[in-house]
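Working notes, structure below.
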Amino acid sequence: VVDTGGRLLTALGYGLWPSMVLLSEIVQTFILADFCYYYVK
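Per our numbering, residue 235 is the first one in the sequence shown, and the count goes up by one each step.
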């Protein structure tokens with residue numbers, strides 16, 4: 235049961251990690267674009 239739980243948790247982590255990285259990249263890009271927009275304006 236512990237082995238299955240660990241495997242499930244690892245699979246969930248590997249599935250969740252790329253989406254979190256992608257989300258942070260999008261947020262970072264949005265903040266940078268927003269900052270540049272206000273700076274130029």
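By construction, the Cβ of each residue, glycine as well, lies at the ideal position given by its N, Cα and C atoms.
C-alpha gap between residue i and residue j, whole angstroms
i	j	result
residue 267	residue 247	30 Å
residue 249	residue 256	12 Å
residue 242	residue 251	14 Å
residue 263	residue 240	34 Å
residue 273	residue 265	12 Å
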